[in-house]
Amino acid sequence: MVNKCPNCDSARVEVDSHRGETICRKCGAVIEDNAIDFTAEWVASEDSEDKIRAGAPLQLSRADSGIRTMIGSRADLSRLGHKAKTYQKLQKQDIRASTKTERNLKYAFDDLHRFVSLLHLSKSVEEEAARIYRQALDKNLIRGRTVEAVVATSIYLACKAFGIPKSFRELCEVSKVNPKDFGKTLRFVSRKLKLKMAPSNPTDFIPRFASLIGLKPVTQAKAVEILKKAQKAEIDNGRGPLGLVAAALYIAAQLTGAYLTQKQVADATEVTEVTIRNRYKEIVTKLNLKPLAA
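Per the numbering used here, the very first residue in the sequence shown carries number 130; after that it's consecutive.
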């Protein structure tokens with residue numbers, strides 16, 4: 130079993146035995162993806178050696194939940210006698226069936242799978258996001274909102290449930306949803322589904338961004354220390370978490386002798402250099418730190 134995440138070096142790894150995945154609770158990376166038999170269960174009929182499908186694993190991220198079945202083979206129909214025509218008609222209807230709900234789910238889950246892949250999230254998170262989306266659809270919360278916005282919202286809430294730090298900006302970036310629309314959809318869906326959103330803890334973002342930049346553990350630890358002090362001093366009140374994270378990383382690099390430019394931090398965190406400089410000044414002043422000049 131893997132004890133540390135190779136992506137962010139966190140020891141917060143967890144095994145999802147149902148999915149056969151080892152995931153990092155810090156950055157959300159799938160560390161191991163073990164082989165699991167996801168094929169359907171088969172049984173032999175009494176009258177034939179032919180195997181008949183008896184069941185399949187439930188997959189919420191599929192439009193039909195992975196449980197759609199085709200009605201019989203020719204051999205099966207021949208045993209039905211005079212009822213064969215009725216079942217043949219049902220078979221055609223089964224093939225052609227495509228309700229409005231199914232079409233919506235198919236479109237939404239294509240987006241869901243794509244967004245999850247771009248964000249490097251696990252199958253478990255994808256399934257939880259699919260569950261949330263289905264709830265929203267069942268309660269008719271999609272009306273008046275884009276499918277992309279509701280899918281992005283579902284992923285964001287699923288990440289919250291798993292304790293995986295993904296920023297508002299990241300979801301907007303992969304989904305191409307306007308931040309204002311995303312914010313409205315997120316608040317609406319979470320309120321209607323009565324899902325509580327715990328505020329993001331800035332320290333949870335440190336390992337992932339530090340890993341992207343290539344900072345050593347000592348610098349990561351210093352950044353976490355700075356952030357905790359900033360929170361205690363209430364510097365984070367009314368501030369976006371990523372701006373504080375970016376500034377803390379930059380200050381930590383200076384205090385530990387790591388060469389790091391504001392542009393490098395800005396590129397990794399997608400926070401503007403102006404924001405980094407502003408948060409830098411606030412933190413340095415209030416915590417009375419003595420790093421190199423910004």
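For glycine and all other residues, C-beta sits at the position ideal for the given N, C-alpha and C.
Quick check: the stretch 303–315 against the stretch 273–284, are there 3 or more CB pairs under 8 Å?
-> Yes, they touch.
Below 8 Å CB to CB, which residues in the same chain sit around ILE335 once its five sequence neighbours on both sides are set aside?
-> Result list for ILE335: GLN349, ALA352, VAL353, LEU356, VAL374, ALA377, LEU378, in chain order.
Same chain, Cβ closer than 6 Å to ASP333, neighbours up to 5 away in sequence not counted | The residues are PRO294.
Inter-residue spacing [alpha-carbon to alpha-carbon] between ILE342 and LYS235 = Cα-Cα distance, rounded: 37 Å.
Test item: CB-CB of VAL306 and ALA237 under 8 Å | Contact flag unset, no.
Cutoff 8 Å; reference TYR409; Cβ partners in own chain excluding five residues on either side = Cβ within range, chain order: ALA376, TYR379, ILE380, ALA423.
If you compare alpha carbons, which of GLN360, LEU384, HIS242 is closest to VAL303?
-> It is HIS242.
Kindly indicate if chain B contains any beta-carbon less than 8 Å away from that of ALA265.
-> The chain inventory of the structure shown lacks chain B, comprising one protein chain alone.
If you drop the 5 nearest sequence neighbours on each side, which residues of the same chain put their C-beta closer than 6 Å to that of THR282?
-> Closer than 6 Å at the Cβ level, and outside the excluded window around THR282, lie THR314, LEU315, VAL318.
Which residues in the same chain as GLU399 place their Cβ atom closer than 7 Å to its Cβ, once the five residues preceding and following it in sequence are excluded?
-> Cβ within range, chain order: ARG298.
Other residues of its chain near ALA382: CB distance less than 7 Å, five sequence neighbours each side excluded | If we look at ALA382 and ignore the five residues flanking it on each side, its Cβ neighbours are LEU344, THR348, LEU389.
Jot down the residue ranges of each uninterrupted alpha helix (DSSP H) in the stretch 275–330, minimum 4 residues, whole runs only, in chain order.
-> Unbroken alpha helix (DSSP H) stretches of 4 residues or longer found wholly inside the stretch 275–330: 276–291, 297–304, 308–321, given in chain order.
Starting from the C-beta of ALA226, find all residues in its chain whose C-beta is less than 7 Å away, skip the five residues before and the five after it, and write them out in chain order.
-> Any answer about ALA226 is weak, because its pLDDT of 42 lies below 50 and its placement is not dependable; what the coordinates show is given next. Around ALA226, the same chain offers no residue with a beta carbon nearer than 7 Å, after the five sequence neighbours per side are excluded.
Assigned exposure category for ARG337 - 16 Cβ within 10 Å defines buried = Flag for ARG337 reads buried.
Flag this pair as yes or no: are the beta carbons of ALA397 and ILE405 separated by less than 8 Å?
-> In this structure, ILE405 does not lie closer than 8 Å to ALA397 by Cβ.
Going by C-alpha distance, which of ALA387, LEU300, VAL245, ASN407 is nearest GLY372?
-> For GLY372, the nearest C-alpha among the options comes from ASN407.
Integer-rounded CB distance, given that TYR285 should sit under 8 Å from LEU270 | Not confirmed; about 15 Å, so no contact.
Length at least 4, wholly inside the stretch 356–417: the alpha helix (DSSP H) runs in chain order = Fully enclosed alpha helix (DSSP H) runs of 4 or longer: 370–384, 391–398, 402–416.
Would you kindly check if the distance between the Cβ of PRO420 and the Cβ of LEU384 is under 8 Å?
-> With contacts defined as CB atoms closer than 8 Å, LEU384 and PRO420 qualify as a contacting pair.
Considering SER340, what are the terminal residues of the alpha helix (DSSP H) in which it resides?
-> Segment 335–342, the alpha helix (DSSP H) holding SER340.
What's the call for ALA265, buried or exposed, on a 16-neighbour Cβ count within 10 Å?
-> For ALA265, the number of other beta carbons within 10 angstroms of its own is at least 16, and it is reported as buried.
So which of LEU250, PRO346, ASN417 has the shortest CA-CA distance to LYS364?
-> The question names Lys, but residue 364 is Ile in the sequence shown. Among LEU250, PRO346, ASN417, the Cα nearest to that of ILE364 belongs to ASN417.
Per-residue DSSP class, three states only, for ALA173 = The predicted position of ALA173 is uncertain, since its pLDDT is 45 and thus under 50; a value taken from the coordinates is nonetheless stated next. Strand, per DSSP.
Inter-residue Cα distance where the pair is PRO370 and PRO308 = Going by C-alpha positions, PRO370 is about 16 Å away from PRO308.
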